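Residue numbers (our numbering): -15 to 601. Beta carbons are placed, not taken as given, at the ideal position from N, Cα and C, and that holds for glycine. A quick note: this is a predicted structure, and the numbers were derived from the prediction, not measured.
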């Protein structure tokens, strides 16, 4: 048997539902889209995504993502397609001068859509014990939006938030089919799953399958779940929509695509450590705690409620179904599936936890409800711990004059002074202090909606403190790169190659919209640079030896101050064109570079740039 609906008196009217969704939409747009394009892209991954999306719009090649003249097989195309649509809008350069609005919009809208789906699910299927289901729905949406991980990745031009959103919509729609007891529009869940596969690959199918399998085992109702979601036909729909791109890309690009996407970015990431992302096995236990702050105690209470022997007994008994217990169990299976899968993966990144944040939001909102005396004491303890954590954050922000000066980042040497002078940390302190006061007052009153009371000041915190802090960090850290790019474009001569040495920032390619040769600090890197200026070929650019017609006798090189001090970079007499922060823009005579490269080669150093590497930009 499938889950029965809640009693009629727990339902809300269509008008109340519409108002609730409008409120969630307004909050989502404010939190996710306000000042979205006001800052530049943060190195190093977002510029690669944004550049690939823009390249699709500029070249008309919507099949293969390309960055800096090279194929980018890092992720499937959906995020690039959506970014490319933004860059294709008329006069994009005028109303999106930094090129960041189009790059970040897919992430922002995916999170807004997740908020709406969370809220709508809790309003359509309210708990029988919940006297204010619309409050619970809004609280769940905000529990998701206020997660530190969601706050970060909803404003980042990468694919993680889009995967989280598409997977969440698919899973929630599958549960709603089951909770409703019918399979009307069952196919929509599998269409949404196909978009998740086109966002980040087969991991979406694996996570969906693990969640549904655990839930079916917990409910002991595989037959009922199977009948409602029709997995065989559903997987066929998912494959029909998602596989054509993979087949076409494999036919066009061949073995390099297979080796990079399936070999490196899927199999190798799971079985071995890549890009030095080595973390202990308990890493995602810590991320679970951090990702829901300051509401982590309520998340742990929600998990404990699901795993409590009495609730497990009811969950395993499909003859005594309740919508609340079913959704709580489903969210727990969802979260645990992500925890299990990525804990076993060799490569671990905080962003891997992002698809678990919607499940965590459901558990937080359901745990925060007042629903019986048997859990009153655990709920009071969890609520008290939540207020205590909020108080800790308030004290931390009030004591900013102690810890802010300890921030030491060579790329942002002025950040501590500017952050203190802006008084943005004090705004944050006020917001968290108000949240503490409201939380304490709601404990004494034992009123409903106390989770919303604490969330309100945190929404204000994000709008008046966090987003301006992001703007300040952009001005200190990323503005020098934009100034470097403007200087390079201003001084560049015809056919003059561009390179960046030492600290490598893909955003230089994004802002110049030209191929940039990147190399490190070693003597091998020096030889590579000179050799690539003469031999390397990429889409839209190729190196030309100095002796050949059409070559440039000079090269523009962006180099950081520490690399410039190295012995093999001294005594080359470049022409200085500008200095911005730690970066210098210099014009080098290529003959001088070649002579130095020959001397290094005579000492036993050889070029290595032609050796295969899994990722290059």
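Separation of residue j from residue i, as counted between CA atoms
| i | j | result |
| --- | --- | --- |
| residue 545 | residue 394 | 11 Å |
| residue 560 | residue 458 | 25 Å |
| residue 37 | residue 280 | 36 Å |
| residue 203 | residue 107 | 23 Å |
| residue 349 | residue 78 | 42 Å |
| residue 584 | residue 141 | 40 Å |
| residue 435 | residue 119 | 9 Å |
| residue 455 | residue 39 | 26 Å |
| residue 244 | residue 8 | 40 Å |
| residue 473 | residue 513 | 20 Å |
| residue 246 | residue 515 | 31 Å |
| residue 274 | residue 99 | 20 Å |
| residue 237 | residue 180 | 22 Å |
| residue 418 | residue 337 | 29 Å |
| residue 5 | residue 517 | 56 Å |
| residue 48 | residue 410 | 47 Å |
| residue 352 | residue 541 | 57 Å |
| residue 76 | residue 557 | 41 Å |
| residue 590 | residue 127 | 54 Å |
| residue -4 | residue 122 | 14 Å |
| residue 483 | residue 563 | 15 Å |
| residue -2 | residue 125 | 19 Å |
| residue 137 | residue 31 | 14 Å |
| residue 416 | residue 445 | 8 Å |
| residue 3 | residue 441 | 21 Å |
| residue 1 | residue 168 | 20 Å |
| residue 139 | residue 80 | 15 Å |
| residue 501 | residue 166 | 57 Å |
| residue 332 | residue 326 | 7 Å |
| residue 64 | residue 70 | 10 Å |
Short Cβ contact (8 Å threshold) for residue i with residue j
| i | j | result |
| --- | --- | --- |
| residue 321 | residue 290 | no |
| residue 221 | residue 171 | yes |
| residue 24 | residue 466 | yes |
| residue 487 | residue 503 | no |
| residue 185 | residue 334 | no |
| residue 449 | residue 408 | yes |
| residue 315 | residue 346 | yes |
| residue 182 | residue 62 | yes |
| residue 363 | residue 284 | no |
| residue 92 | residue 16 | yes |
| residue 50 | residue 105 | no |
| residue 606 | residue 268 | Any property of residue 606 remains undetermined from this structure, which presents the chain solely from -15 to 601. |
| residue 12 | residue 85 | no |
| residue 145 | residue 95 | yes |
| residue 311 | residue 373 | no |
| residue 460 | residue 399 | yes |
| residue 212 | residue 162 | yes |
Status (buried if at least 16 other CB within 10 Å, exposed otherwise) for residue i
| i | result |
| --- | --- |
| residue 493 | buried |
| residue 627 | Because residue 627 is not part of the residues shown, which for the chain are -15 to 601, the question remains open. |
| residue 110 | buried |
| residue 328 | exposed |
| residue 511 | buried |
| residue 526 | exposed |
| residue 27 | buried |
| residue 266 | exposed |
| residue 588 | exposed |
| residue 56 | buried |
| residue 66 | buried |
| residue 392 | exposed |
| residue 367 | buried |
| residue 304 | Any reading at residue 304 must be qualified, since the residue scores a pLDDT of 42, below 50, and its modelled position is unreliable; the value itself is stated next. With fewer than 16 Cβ atoms within 10 Å of its Cβ, residue 304 is classed as exposed. |
| residue 88 | buried |
| residue 652 | This structure cannot speak to residue 652, because the chain is shown only from -15 to 601. |
Nearest-angstrom beta carbon gap, residue j and residue i [assumed within contact, 8 Å]
| i | j | result |
| --- | --- | --- |
| residue 388 | residue 471 | Rounded, the Cβ-Cβ distance is 31 Å, inconsistent with contact. |
| residue 595 | residue 53 | Wrong, their Cβ atoms sit about 18 Å apart, outside the cutoff. |
| residue 412 | residue 381 | 4 Å |
| residue 567 | residue 490 | Not quite, the Cβ-Cβ distance comes to about 14 Å (not below 8 Å), so this is no contact. |
| residue 371 | residue 420 | 6 Å |
| residue 479 | residue 534 | 6 Å |
| residue 536 | residue 452 | Not confirmed; about 43 Å, so no contact. |
The ligand PLP heavy atom lying under 7 Å from the CB of residue i
| i | result |
| --- | --- |
| residue 235 | With respect to small molecules bound, the structure shown includes none, and the ligand PLP cannot be examined in it. |
Hey, is the segment 338 to 353 in contact with the segment 128 to 143, meaning 3+ C-beta pairs nearer than 8 Å? They touch, by the three-pair rule.
Counting beta carbon pairs with one atom in the segment 211 to 218 and one in the segment 159 to 178, are three or more of them shorter than 8 Å? Taking a contact to require three or more Cβ pairs closer than 8 Å, the segment 159 to 178 and the segment 211 to 218 qualify as touching.
Examine the Cβ distances between the segment 187 to 198 and the segment 136 to 152 and report whether three or more of them are shorter than 8 Å. Contact between the segment 187 to 198 and the segment 136 to 152 is present, because at least three Cβ pairs lie under 8 Å.
Check whether the segment 561 to 576 and the segment 528 to 537 touch, using three or more Cβ-Cβ pairs below 8 Å as the test. Segment contact: the segment 561 to 576 against the segment 528 to 537, three or more CB-CB distances shorter than 8 Å; contact assigned.
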